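Below: one structure, written as structure tokens.
In structure tokens form, the structure reads like this:
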């Protein structure tokens with residue numbers, strides 16, 4: 006009898022416990038914009054680790070950022086989908102069960118980014134740790150599973166779209182052949198690497214009509230004759246390098262963003278991990294969003310538009326790089342002026358004209374100015390985690406101008422590549438602003454007002 010009583014008491018406790026856990030309401034989980042910012046930073050860290058080229062990195066950022074934006078836009082009537090605006094993008098599938106939209110957006114970013122990098126486990130480990138925190142905050146396993154199933158469907162949709170942009174096909178194209186003609190690009194020390202992404206102009210742009218839509222003015226014709234325009238441009242690089250101030254050296258290093266920098270120790274050569282130019286501007290986007298107090302939707306918008314400007318900027322820039330195939334200052338200065346001269350920065354492994362930093366920095370700055378306003382001051386701390394300091398800017402244009410001129414200080418570009426690169430980048434950025442509509446605004450004004458300190 007006593008055993009039977011104990012049995013029924015235990016059964017009653019079990020039923021009571023089950024009823025309590027079943028009847029407990031699911032806690033509402035809020036996803037702050039910090040979760041997206043941290044996910045973008047995690048993707049940047051993996052891109053640095055995997056040593057993706059600047060053009061390829063920009064492609065990764067674009068697809069991941071578009072995935073996050075396209076999820077959130079479905080539950081915010083103030084914003085417009087990019088489907089039908091971006092080349093080839095079709096509307097996302099709809100969820101088949103209740104989901105957490107904010108979690109789905111960040112998870113779609115991570116799942117899309119994970120599929121486009123090499124070290125997938127680094128993103129997946131981060132993702133699973135975040136999921137565990139969501140469960141600890143009160144999200145039910147069922148809702149999380151439904152949400153991540155949808156974010157996987159979104160990632161699959163975006164990745165299927167990415168699969169039609171010619172990236173896969175360009176992996177099998179011929180390598181860049183070295184042209185022995187004077188004035189044409191040659192591999193540079195210390196690694197003498199092959200030219201990277203010579204067929205990047207074959208990648209489908211996101212919003213441009215074609216890779217050659219904003220073809221810059223022709224590069225200065227090569228001439229080794231003293232007094233010729235090209236010789237004077239070469240001499241300007243050489244003489245500037247001889248008279249750099251400490252601040253100019255700091256500027257050059259701050260904007261180096263060369264993932265191919267090699268450290269040489271005797272006979273040993275190893276890569277230094279550096280952020281890409283696009284990664285730097287994604288970092289600036291985060292800084293702007295945080296200073297402005299931008300909520301998750303507007304942060305996703307800023308990342309998506311900036312990433313598109315960066316990606317199309319690289320496509321546009323690389324189209325001209327391999328058409329003009331201009332020799333780098335290091336090669337020509339060693340040949341005609343000073344055989345022992347070295348630039349302050351290592352020369353990146355691709356032709357000189359135009360300056361990639363000038364194009365993509367200006368394109369990004371145009372988009373960010375449209376979003377946050379023309380006088381949005383900020384402190385750029387993006388490079389701190391990579392061993393450099395802070396720099397302060399009065400506007401995004403100010404930062405882009407400094408990024409552009411840094412290439413002269415670094416000894417890796419002639420002035421026409423910088424000046425015409427800025428013009429090209431401005432055209433790309435203005436095209437993005439004009440042709441990608443993310444809100445129903447009737448007049449041009451900053452979407453996010455700067456938060457007062």
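Residue numbers (the numbering used here): 6 to 458. From the three backbone atoms N, C-alpha and C, an ideal C-beta is built for every residue, glycine too. Note that the structure is predicted; figures quoted are calculated from it, not measured.
Straight-line gap, residue 111 to residue 400 (C-alpha atoms, nearest Å) = Rounded to whole angstroms, residue 111 and residue 400 show a C-alpha spacing of 28 Å.
query = For residue 397, which three-state DSSP category applies?
reply = Residue state, collapsed to three classes: strand.
ask   = Under the rule that 16 or more other beta-carbon atoms within 10 Å means buried, what is residue 102, buried or exposed?
value = By the neighbour-count rule (16 or more Cβ atoms within 10 Å), residue 102 is not buried but exposed.
inquiry  = If the criterion is Cβ atoms closer than 8 Å, does the pair residue 217 and residue 130 meet it?
reply    = Their beta carbons are not under 8 Å apart, which means residue 217 does not touch residue 130 by this criterion.
request  = Answer with buried or exposed for residue 367, where buried requires no fewer than 16 other C-beta atoms within 10 angstroms of its C-beta.
outcome  = Residue 367 should be labelled buried.
ask   = Ordered along the chain, which non-local residues of its own chain (more than five positions away) have a Cβ less than 6 Å from that of residue 261?
value = Cβ within range, chain order: 350.
task = Under 8 Å by Cβ, that's how I've got residue 109 and residue 155 pegged, so tell me the actual separation to the nearest angstrom.
result = Going by Cβ atoms, the distance from residue 109 to residue 155 rounds to 5 Å, so yes, they are a contact pair.
task = Could you please give the first and the last residue of the uninterrupted beta strand (DSSP E) stretch that includes residue 383?
result = Unbroken beta strand (DSSP E) run through residue 383: 383-385.
request  = Could you round the C-beta distance between residue 348 and residue 335 to whole angstroms and report it? I think they count as a contact, below 8 Å.
outcome  = By a beta-carbon distance limit of 8 Å, residue 348 contacts residue 335. Their separation comes to about 5 Å.
key: Cβ shell of residue 442 (< 8 Å), same chain only, five flanking positions each side left out   = 85, 90.
Rounded C-alpha distance that separates residue 80 from residue 327 = Rounded to the nearest angstrom, the two C-alpha atoms are 43 Å apart.
message = Please classify residue 395 as buried or exposed, where buried requires at least 16 neighbouring CB atoms within 10 angstroms.
response = It counts as exposed.
key: Option in 207, 206, 190 with minimal Cα separation from residue 199   = Comparing Cα positions, the closest option is 190.
ask   = Based on the DSSP output, what are the partners of residue 84 in its beta bridges?
value = DSSP lists 444 as partners of residue 84.
ask   = Tell me the DSSP bridge mates of residue 331?
value = For residue 331, which the question treats as bridged, DSSP gives the partners 189.
query = Under 8 Å between the Cβ atoms of residue 257 and residue 415?
reply = Yes, these two residues count as a Cβ contact at 8 Å.
task = Return the residue from the list 72, 63, 122 that minimises the CA-CA distance to residue 320.
result = Comparing alpha carbon positions, the residue from 72, 63, 122 closest to residue 320 is 63.
key: CA-to-CA distance, residue 138 to residue 27, given in whole angstroms   = For residue 27, the pLDDT reaches just 34, beneath the cut-off of 50, and the residue's location in the model is therefore unreliable, although a value from the coordinates is still provided. Residue 27 and residue 138 have their C-alpha atoms roughly 21 Å apart.
query = Three-state secondary structure (DSSP) at residue 258?
reply = Assignment of residue 258 by DSSP, reduced to helix, strand and coil, places it in the helix class.
request  = For residue 183, count neighbouring Cβ atoms within 10 angstroms of its own Cβ and tell me buried if that reaches 16, exposed if not.
outcome  = By the Cβ-count criterion, residue 183 is exposed, with fewer than 16 other Cβ atoms from all chains shown falling within 10 Å of its own Cβ.
inquiry  = Is it the case that the segment 170-182 contacts the segment 306-321, given that we only count it when at least three CB pairs across the two stretches are under 8 Å?
reply    = At 8 Å Cβ cutoff, the stretches do not touch.
query = In the structure shown, what three-state DSSP assignment does residue 366 receive?
reply = Under the three-state reduction of DSSP, residue 366 is assigned to helix.
request  = Classify residue 439 as helix, strand or coil using the three-state DSSP reduction.
outcome  = In the structure shown, residue 439 adopts helical secondary structure according to DSSP, grouped into three states.
query = Starting from residue 1 and walking both ways along the alpha helix (DSSP H), at which residues does that stretch end?
reply = The question about residue 1 has no answer here: the residues shown for the chain are numbered 6 through 458.
Unbroken alpha helix (DSSP H) run spanning residue 92, endpoints = Following the DSSP letters along the chain, one finds residue 92 in no alpha helix (DSSP H), marked with neither H nor E.
ask   = Apart from the five residues just before and just after residue 369, which ones in its own chain have a Cβ nearer than 6 Å to its Cβ?
value = Once the five neighbours on either side are set aside, the close Cβ partners of residue 369 are 286, 311, 314, 315.
query = When DSSP labels each residue in this structure, what does residue 229 get in the three-state scheme?
reply = If DSSP states are grouped into helix, strand and coil, residue 229 belongs with coil.
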